[in-house]
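Report on one structure; see the data block that follows.
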Amino acid sequence: MKSFFRQGDHGTFHYEMPEHNPGKLPIAVFLHGGSTRSQHTKFWGPILEIIQRYCYPLLTDRFGHGKSTGTGGLQANLEVMDDIVGDILSEQEQSQIYLVGRSAGAMYAMRMYESDPDRIAGMGLVAPASLGTYADKLSQFDGILTLLWDIDDPVVSFSNYSHVADHGIRASLYTIGPHPDAVASASRELKPSHVPELMAPELFDAFLKQLLS
Numbered sequence: 000m001k002s003f004f005r006q007g008d009h010g011t012f013h014y015e016m017p018e019h020n021p022g023k024l025p026i027a028v029f030l031h032g033g034s035t036r037s038q039h040t041k042f043w044g045p046i047l048e049i050i051q052r053y054c055y056p057l058l059t060d061r062f063g064h065g066k067s068t069g070t071g072g073l074q075a076n077l078e079v080m081d082d083i084v085g086d087i088l089s090e091q092e093q094s095q096i097y098l099v100g101r102s103a104g105a106m107y108a109m110r111m112y113e114s115d116p117d118r119i120a121g122m123g124l125v126a127p128a129s130l131g132t133y134a135d136k137l138s139q140f141d142g143i144l145t146l147l148w149d150i151d152d153p154v155v156s157f158s159n160y161s162h163v164a165d166h167g168i169r170a171s172l173y174t175i176g177p178h179p180d181a182v183a184s185a186s187r188e189l190k191p192s193h194v195p196e197l198m199a200p201e202l203f204d205a206f207l208k209q210l211l212s
């Protein structure tokens, strides 16, 4: 993975991606969670090998996180990511991207879809924050949608999954802990977690493969 920097009005935006994409794998933008600086591109490190099996990943640091400077909010981050994605799509001669967002990063993914739905081929949402806010929009989504969640998530309650059924959203669900709607589940070996992708990497592999295959 190589670091890149994009200067903007709100600071310097850092992102990482492989230097080459010889297999012309689909482009996927990974959006970290967290309202603190502890979340950034390095979060994906333990599962990066899985990620690179299926896609050409773009790992982002929001303003004020990781190696990104500044204090830009939601709109500032969306604007710079839109510019970066546009450049990468042109370089890779592709027309669509996939989005993988965890927790607060899922909110960014849903906003990116709302801003330019034709550009988004699929979304993978991990313990997604603000699912109810964007449920109406997601019900209109024609692409691939996968969800990964611990049914006992201590941060973003799994009860929010009810928005999927209530709004007729078409999604493939992967869970830690059993659920009747789940395509696949992992048994619990540790305490409830807000990071199911790290707690159950084999389940994350299945979730990502379904999204990107």
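Residue numbering for the sequence shown follows numbering that gives the first Met the number 0, starting at 0 and increasing by one per position. Ideal Cβ positions, reconstructed from N, Cα and C, are used throughout, including at glycine.
{"Query": "Contact check, residue 127 vs residue 163 under 8 Å by CB: the rounded distance?", "Result": "About 10 Å; that fails the 8 Å criterion."}
{"Query": "Roughly how many whole angstroms lie between the Cα atoms of residue 176 and residue 49?", "Result": "22 Å"}
{"Query": "At 3 residues or longer, what runs of the beta strand (DSSP E) sit wholly inside the stretch 62-134?", "Result": "96-101, 119-125"}
{"Query": "Closest by CA to residue 95, which one among 25, 46, 59, 45?", "Result": "25"}
{"Query": "When the Cα atoms are used, what is the spatial distance from residue 133 to residue 200?", "Result": "27 Å"}
{"Query": "Closer than 6 Å by C-beta to residue 1: which residues in its own chain qualify, once you throw out the five before and the five after it? Chain order, please.", "Result": "18"}
{"Query": "Within a Cβ cutoff of 8 Å, which residues of the same chain sit near residue 63, ignoring the five residues on either side of it in sequence?", "Result": "10, 36, 69, 70, 71"}
{"Query": "Taking C-beta to C-beta, are residue 144 and residue 170 nearer than 7 Å?", "Result": "yes"}
{"Query": "Measuring only the C-alpha atoms, how far is residue 135 from residue 106?", "Result": "14 Å"}
{"Query": "Are residue 85 and residue 124 closer than 7 Å when you measure CB to CB?", "Result": "no"}
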